[in-house]
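Single-structure report; data block below.
Number of protein chains: 2
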Amino acid sequence: MKLHGYFRSSAAYRVRIGLNLKGLTVQHLPHHLRKGEQCAPTYLAINPQGLVPTLEDDNGAALTQSLAIIEWLDETHPNPPLLPKDPLRRAKVRAFALAIACDIHPVQNLKVLARLRQLGVAEEKVTEWAAWANREGLSACEALVRGEQGPFCFGDKPTIADLCLVPQLANARRFGVDVAAFPRLLEAEAAAKQMRAFTDAAPDRQPDAE
Amino acid sequence: MKLHGYFRSSAAYRVRIGLNLKGLTVQHLPHHLRKGEQCAPTYLAINPQGLVPTLEDDNGAALTQSLAIIEWLDETHPNPPLLPKDPLRRAKVRAFALAIACDIHPVQNLKVLARLRQLGVAEEKVTEWAAWANREGLSACEALVRGEQGPFCFGDKPTIADLCLVPQLANARRFGVDVAAFPRLLEAEAAAKQMRAFTDAAPDRQPDAE
Numbered sequence: 001m002k003l004h005g006y007f008r009s010s011a012a013y014r015v016r017i018g019l020n021l022k023g024l025t026v027q028h029l030p031h032h033l034r035k036g037e038q039c040a041p042t043y044l045a046i047n048p049q050g051l052v053p054t055l056e057d058d059n060g061a062a063l064t065q066s067l068a069i070i071e072w073l074d075e076t077h078p079n080p081p082l083l084p085k086d087p088l089r090r091a092k093v094r095a096f097a098l099a100i101a102c103d104i105h106p107v108q109n110l111k112v113l114a115r116l117r118q119l120g121v122a123e124e125k126v127t128e129w130a131a132w133a134n135r136e137g138l139s140a141c142e143a144l145v146r147g148e149q150g151p152f153c154f155g156d157k158p159t160i161a162d163l164c165l166v167p168q169l170a171n172a173r174r175f176g177v178d179v180a181a182f183p184r185l186l187e188a189e190a191a192a193k194q195m196r197a198f199t200d201a202a203p204d205r206q207p208d209a210e
Numbered sequence: 001m002k003l004h005g006y007f008r009s010s011a012a013y014r015v016r017i018g019l020n021l022k023g024l025t026v027q028h029l030p031h032h033l034r035k036g037e038q039c040a041p042t043y044l045a046i047n048p049q050g051l052v053p054t055l056e057d058d059n060g061a062a063l064t065q066s067l068a069i070i071e072w073l074d075e076t077h078p079n080p081p082l083l084p085k086d087p088l089r090r091a092k093v094r095a096f097a098l099a100i101a102c103d104i105h106p107v108q109n110l111k112v113l114a115r116l117r118q119l120g121v122a123e124e125k126v127t128e129w130a131a132w133a134n135r136e137g138l139s140a141c142e143a144l145v146r147g148e149q150g151p152f153c154f155g156d157k158p159t160i161a162d163l164c165l166v167p168q169l170a171n172a173r174r175f176g177v178d179v180a181a182f183p184r185l186l187e188a189e190a191a192a193k194q195m196r197a198f199t200d201a202a203p204d205r206q207p208d209a210e
């Protein structure tokens, strides 16, 4: 399989963790987002959104959107599972993942921040915007898992929630958010960082890292 | 079951369609988003994000995030299914839904537009921002289903993709986007509007409609 990504993309980072947890090796095809390589017509033909990641399966089918890719991975390679079995628990895990993937990440991604600059918003306010999205979103995430048994977000094994959390915490730090306010999230991150599936997926370990 | 929502929330609208398709009747509990009722401590206790929808199941468990709620509905009430059976087809449907739920809706929601105004962005530019998010995102969605058999987004039955599409097209029109540019999406919307599950879920049919 081939994974179209970018070392710093947190959506690609989620999928890299998922592939590692499933023990799958893929060919990495980096697209430099800051240089606009994701807008090349050949790439748009497989991912009309011009976003990373895209996973090409063994038959060349193109899968887009990190959470759809991870659900597919979990359905086609069930071990180890990335979601609990009980429907209500699955809903809790998915809600946490979506709270990051819908309500934090897209509000602070490259495209939106570039649009803010185009509107004449000062650089300092652009960073404050990104920090706000992370701070507010992660505060809610902390509340979502506060009563959950650890050390991971939902129990003693990583789930899709942890795949979303670890990359987002890295973003939050990059934008200057004081993550000490989220002790339960940091507990989950610390557990994840004990696993090579997570550390090998980190941006600075990727071939296109700068 | 109880659905905490708001007539105009497109995330709540998705869940209303899903409940109708499954033939489930729920008690509707409206929270007036423009008056900030979603930030009441009693509501934050069940939805720390302060967003709608929240579904309370028969046992009082609170489910948040529209797509997590809909996946839970589909797992606990499998007929009619809202996702295909084949993993690759499921990934395509989920990717379309996420392209809306992650990359369009949160970028143009009430909270983000309010933040733009706080930054001193003029009202006309705020509307143009919302239109941009819809236009760009729906263009990609049109490409994602262009080769798919209709009349719905993915075949002859509605899926999670259609549950996300219909509310988003309503938003796009509200922000002045020329939706005639998306003929395949309009075909799917027209098919959906033939079904009472969709029309009964429309904002203007809700008890809190203004």
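Chains A and B are the protein sequences, given in the same order.
Here full-length UniProt numbering is used: position 103 in the first sequence is 103, and no number is missing along the way.
Here full-length UniProt numbering is used: position 48 in the second sequence is 48, and no number is missing along the way.
Note that CB positions come from ideal geometry on N, CA and C, so glycine has one too.
Item to check | Where B/K75 meets chain A, residues with beta-carbon distance less than 9 Å | outcome: It is worth fixing the name first, because residue 75 of chain B is Glu in this sequence and not Lys. What B/E75 touches in chain A, judged by beta-carbon distance under 9 Å, is P87, R90, A91, going in chain order.
Checklist entry - Which class does A/T76 belong to by DSSP, given the choice of helix, strand or coil? => result The answer is helix: DSSP assigns A/T76 an H, G or I state.
Checklist entry - Taking only beta-carbon atoms, is A/E37 less than 8 Å away from chain B? => result When Cβ-Cβ separations below 8 Å define contact, A/E37 makes no contact with chain B.
Next on the checklist: With the cut-off set at 8 Å, would you say A/T54 and A/H4 are in Cβ contact?
Outcome noted: Yes, these two residues count as a Cβ contact at 8 Å.
Next on the checklist: According to DSSP, simplified to helix, strand and coil, what is A/L51?
Outcome noted: The answer is coil: DSSP assigns A/L51 none of H, G, I, E or B.
Item to check | Per DSSP, the bridge partner or partners of B/E56 | outcome: In the DSSP output, where bridge partners are listed per residue, B/E56 has B/K2, B/A62.
Checklist entry - According to the neighbour-count rule (16 or more other Cβ atoms, all chains shown, within 10 Å of its Cβ), is B/P203 buried or exposed? => result With 16 or more neighbouring CB atoms inside 10 Å of its own CB, B/P203 falls in the buried class.
Next on the checklist: Short of 7 Å in beta carbon distance, which residues of its chain neighbour A/D58, apart from the five on each side in sequence? Order them along the chain.
Outcome noted: So the qualifying residues of the chain are M1.
Item to check | Identified DSSP bridge partners for B/Q27 | outcome: The beta-bridge partner set that DSSP reports for B/Q27 consists of B/K2.
Item to check | Where A/A45 falls, given that 16 or more other Cβ within 10 Å makes a residue buried | outcome: With fewer than 16 other Cβ atoms within 10 Å, it is exposed.
Checklist entry - What is the DSSP secondary structure of B/G137, counted as helix, strand or coil? => result Residue state, collapsed to three classes: helix.
Item to check | Near-chain B residues of the stretch 149 to 171 of chain A - C-beta to any C-beta below 9 Å | outcome: If the cut-off is 9 Å between Cβ atoms, the stretch 149 to 171 of chain A has nothing near chain B.
Next on the checklist: Determine, for A/K2, whether the minimum Cβ-Cβ distance to residues of chain B falls below 8 Å.
Outcome noted: Chain B, which has no Cβ nearer than 8 Å to the Cβ of A/K2, makes this no.
Checklist entry - When the Cα of B/E148 is compared with those of B/G23, B/V93, B/C39, which residue comes out closest? => result Residue nearest to B/E148 within the set B/G23, B/V93, B/C39 is B/V93 (criterion: CA-CA distance).
Next on the checklist: In the DSSP assignment, the alpha helix (DSSP H) including B/D162 goes from what residue to what residue?
Outcome noted: 160 to 174 is the extent of the alpha helix (DSSP H) around B/D162.
Checklist entry - Is the Cβ of B/L63 closer than 8 Å to any Cβ of chain A? => result The beta-carbon of B/L63 is placed less than 8 Å from the nearest beta-carbon of chain A.
Checklist entry - Quick one: what's got a C-beta closer than 6 Å to A/I100's C-beta in the same chain, skipping five residues either side? => result Excluding residues within five positions, the ones whose Cβ falls inside 6 Å are C164, Q168.
Item to check | Burial state of A/R196, where buried means 16 or more other Cβ atoms lie within 10 Å | outcome: By the 16-neighbour rule on beta-carbons within 10 angstroms, A/R196 is exposed.
Item to check | Per-residue DSSP class, three states only, for A/G18 | outcome: Look at A/G18 here: in three-state DSSP terms it is helix.
Checklist entry - What's the gap between the Cα of B/A40 and the Cα of A/A209? => result Each residue's alpha carbon lies about 44 Å from the other.
Next on the checklist: So residue 215 of chain A contacts chain B; which residues on that side make the cut at Cβ distance below 8 Å?
Outcome noted: Because residue 215 of chain A is not part of the residues shown, which for chain A are 1 to 210, the question remains open.
Item to check | Contacts that A/K22 makes with chain B (C-beta to C-beta distance below 7 Å) | outcome: Here the premise fails: no neighbours, minimum Cβ distance about 14 Å.
Next on the checklist: Rounded to whole angstroms, what is the Cα-Cα separation between B/V26 and A/A188?
Outcome noted: The alpha-carbon atoms of B/V26 and A/A188 are separated by roughly 35 Å.
Item to check | CB contact check: A/R115 to chain B, cutoff 8 Å | outcome: Chain B places a beta carbon closer than 8 Å to that of A/R115, counting this residue as a contact.
Next on the checklist: At the level of alpha carbons, what is the spacing between B/L63 and A/F154?
Outcome noted: About 15 Å.
Next on the checklist: What would DSSP say about A/F154, mapped onto helix, strand or coil?
Outcome noted: Three-state result, A/F154: coil.
Next on the checklist: Spatial neighbours of B/G50 within its chain, please: C-beta separation below 6 Å, excluding the five flanking residues on both sides.
Outcome noted: Excluding sequence neighbours, B/G50 sits near Q38, C39, L44.
Checklist entry - Is the shortest distance between the beta-carbon of B/P41 and the beta-carbons of chain A less than 8 Å? => result At a cut-off of 8 Å between beta carbons, B/P41 makes no contact with chain A.
Checklist entry - Cα-Cα, which of A/G36, A/N109, A/D162, A/A190 is closest to A/R174? => result Scanning A/G36, A/N109, A/D162, A/A190 for the CA closest to the CA of A/R174 turns up A/N109.
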